[in-house]
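Q: Just so you know, the sequence shown maps onto residues 0 to 76 in numbering that gives the first Met the number 0. All residues carry an ideal CB built from backbone N, CA and C; glycine is no exception. All values derive from a computational prediction rather than experimental measurement. Sharing a structure, written as structure tokens. Questions coming.
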Amino acid sequence: MRVNSVYGLLLAVQSGVGLAAIPDYLTVKQPNIVKVLPSVQGPTTEAHFVYPQSLKNVARVQAFRNFLYSKISEWEF
Numbered sequence: 000m001r002v003n004s005v006y007g008l009l010l011a012v013q014s015g016v017g018l019a020a021i022p023d024y025l026t027v028k029q030p031n032i033v034k035v036l037p038s039v040q041g042p043t044t045e046a047h048f049v050y051p052q053s054l055k056n057v058a059r060v061q062a063f064r065n066f067l068y069s070k071i072s073e074w075e076f
């Protein structure tokens with residue numbers, strides 16, 4: 000099976016198609032998804048939060064950036 004999104008993988012797993020490597024942030028609220036190899040660490044992934052320099056000191060951008068940092072620190076990819 001080939002899919003072009005992690006959401007497609009999640010739907011396939013939920014439908015019973017098989018196993019998939021899915022980021023934790025997608026499965027946090029999915030009680031029917033079980034980690035089958037918890038000791039195996041997947042590949043690392045880089046993520047970038049990009050915005051114009053002119054928005055660097057805008058409160059809503061800083062708040063959103065801080066929110067993202069707090070959530071990302073909870074997840075495993």
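#1: By how many angstroms is the C-alpha of Arg64 removed from the C-alpha of Ala20?
#2: Answer yes or no: do Val60 and Leu67 have a C-beta to C-beta separation smaller than 8 Å?
#3: For a test of your reading of the model: does the CB of Glu45 fall under 7 Å from any non-hydrogen atom of the ligand GTP? Yes or no.
#4: Cβ of Val49 within 8 Å of Cβ of Pro22?
#5: Just curious, the alpha helix (DSSP H) that Ile21 is in, first and last residue?
A: In terms of the structure at hand:
#1: 26 Å
#2: no
#3: This structure does not include the ligand GTP; it has no bound ligands of any sort.
#4: no
#5: That residue, Ile21, is in no alpha helix (DSSP H); it is neither H nor E in DSSP.
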